[in-house]
Amino acid sequence: MSIAEAKERLRGSIAPIVTPFLENDEVDYKTLEQLIDWHMESGSHGISVTGTTGEPSSLTLQEREKVMETAIKAAKGRVPVVPGTGSTNHAETLHLTKLAQEMGADAAMVIVPYYNRPSQHALYKHFKTVADAVDIPIIVYNIPGRTAVNLEVKTLARLKEDCPNIIGVKESNKDFEHVNRVLLACGRDFLLFSGIELLCYPMLAIGGAGYISATANVAPEKVAEVYNAWIAGDVKRAQDLHYELMPLNDVLFKDTNPAPLKAALGMMGKIYPKLRLPMDLPSPELQQEIREVLEGYGLLSKAGSGER
């Protein structure tokens with residue numbers, strides 16, 4: 003996909019799909035394919051794997067590679083595929099981003115390195131080196147709550163200016179002033195995606211391209227419909243859906259993502275509810291709350307099969 007095509011197609015609800023595991027802790031590639039097909043049927047505008055929701059730090063390098071390959075093949079070009087290729091390790095980030103390009107991914111999402119807290123100067127060098135090594139469009143992923151460092155607007159603007167294939171950013175940043183200033187500094191053609199559920203609709207209102215929302219894993223149709231309504235000019239419908247989804251968003255983030263999400267998907271019969279340690283499912287009390295919220299949205303009766 004060319005840069006121009008990417009700017010045109012990478013919009014709407016890009017669902018960050020979980021990495022399903024079998025009871026024995028192995029990656030469940032068959033269920034991953036089924037989840038992708040479900041998202042195609044449900045109207046998601048794109049898919050992402052091995053981002054935060056996909057537990058990349060719990061996967062081996064070889065598993066990350068196979069998850070990316072599985073997703074690209076399963077999507078069959080029906081929607082864009084944007085794998086997360088970032089890591090705290092620079093060489094690994096380079097390897098995965100180059101591999102995503104070779105596999106035919108439509109773009110790569112590269113996270114701000116976590117744990118080691120690089121300076122803004124170091125972040126610039128890291129992202130520029132990765133962008134210069136590939137032709138694939140790059141979406142920078144800024145999630146300071148997980149990485150302990152915020153990619154500043156001036157650093158992002160410098161990267162956008164110096165790297166033609168850095169075309170957008172996923173902002174999991176609760177500072178709404180910051181995300182407004184991203185478009186002011188980077189230009190309103192820069193693709194701004196929300197990674198904060200309660201900012202998905204507000205981000206559209208300031209000129210965002212869409213969102214990469216974990217909630218799309220359990221309610222892909224409604225999450226995609228927020229964007230569809232907005233683009234169609236039905237502002238009231240988009241607002242109504244924004245507030246309708248709020249209780250679901252809230253309960254899915256009462257524990258660290260994707261723990262509540264995987265519990266919910268297990269209740270819906272979509273996956274075997276399993277995370278790899280050190281992550282684990284939420285407490286029994288929270289799981290009961292999740293079940294009650296899902297029942298309120300009619301998500302359990304839709305699945306009809308209960309837990310797997």
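Sequential numbering from 3 applies to the sequence shown in the working numbering.
Cβ coordinates follow ideal geometry from the N, Cα and C atoms, glycine included.
Residue i (DSSP reduced to helix, strand or coil)
i	result
E173	strand
L153	coil
P115	coil
A107	coil
I233	helix
P312	Nothing in the structure corresponds to residue 312, since the chain is present only between 3 and 310.
I74	helix
N251	helix
V69	helix
Y299	coil
G79	coil
G48	strand
I138	coil
I168	strand
V2	Because the chain is modelled from 3 through 310, residue 2 falls outside the range shown and cannot be assessed.
G88	coil
Identity of the residue in the options nearest residue i by Cα
i	options	result
I169	D252, A17, G189 and A218	G189
A110	C202, L243 and I16	I16
G209	G197, N182 and L243	N182
D177	L153, L250, G86 and R239	L153
Y215	N167, K256, F195 and N230	Checking the sequence, you will find Ser at residue 215 rather than Tyr. Among N167, K256, F195 and N230, the Cα nearest to that of S215 is on F195.
L186	R293, D164 and A159	A159
L247	S89, T33, G45 and V295	V295
S46	V114, N219, E94 and M105	N219
P115	D108, G88, H123 and G147	G88
I38	L12, R13, F192 and A77	A77
G56	L34, V184 and L161	L34
L250	K224, K238, I273 and Y229	K224
M270	R239, L302 and L254	L302
R80	T62, G48 and N91	G48
Q36	E199, T72, P82 and T54	T72
L254	E199, P275 and N230	E199
E104	R293, K256 and M70	M70
V84	N259, T95, A107 and T62	A107
D282	T258, P146, K75 and H92	T258
T54	E28, N230 and T90	T90
I141	A211, G147, P260 and I74	A211
S60	I273, P260 and G298	P260
G86	T62, I74, K75 and P58	P58
C-alpha distance - residue i paired with residue j, whole-angstrom precision
i	j	result
Q241	P120	38 Å
P284	S50	24 Å
P204	Y126	28 Å
A43	P222	Strictly speaking, residue 43 in this sequence is Glu, with Ala absent from that position. Their backbone Cα atoms lie some 9 Å apart in a straight line.
D164	S4	18 Å
L279	Q64	18 Å
E67	Y213	24 Å
P139	E10	12 Å
T131	S174	23 Å
K172	N144	6 Å
L206	Q289	32 Å
K264	Y31	16 Å
R13	P286	37 Å
T157	Q122	7 Å
P166	A8	12 Å
D191	L161	15 Å
I113	L193	15 Å
A305	H41	Legend: pLDDT at A305 = 44, less than 50; position of this residue unreliable, no value from coordinates given.
A6	L201	26 Å
F129	A93	12 Å
K276	R293	16 Å
Y245	D252	11 Å
E28	K238	44 Å
L267	T217	11 Å
Contact between the region 15–23 and the region 232–242 is defined here as three or more beta-carbon pairs at a separation below 8 Å; is this criterion met?
They do not touch, by the three-pair rule.
Identify every run of the beta strand (DSSP E) within the region 261–291, keeping only runs that are complete inside it and at least 3 residues long; order them along the chain.
Counting whole runs of 3 or more residues, the region 261–291 contains no beta strand (DSSP E) stretch at all.
What ranges does the alpha helix (DSSP H) occupy inside the region 174–222, keeping only unbroken runs of at least 4 residues that lie completely in it?
Secondary structure in the region 174–222: the alpha helix (DSSP H) runs of 4 residues or longer, each lying completely within the stretch, are 178–188 and 202–207 in chain order.
Does the region 131–150 come into contact with the region 96–109, if we say contact requires no fewer than three beta-carbon pairs (one atom in each stretch) closer than 8 Å?
Yes, the region 131–150 is in contact with the region 96–109.
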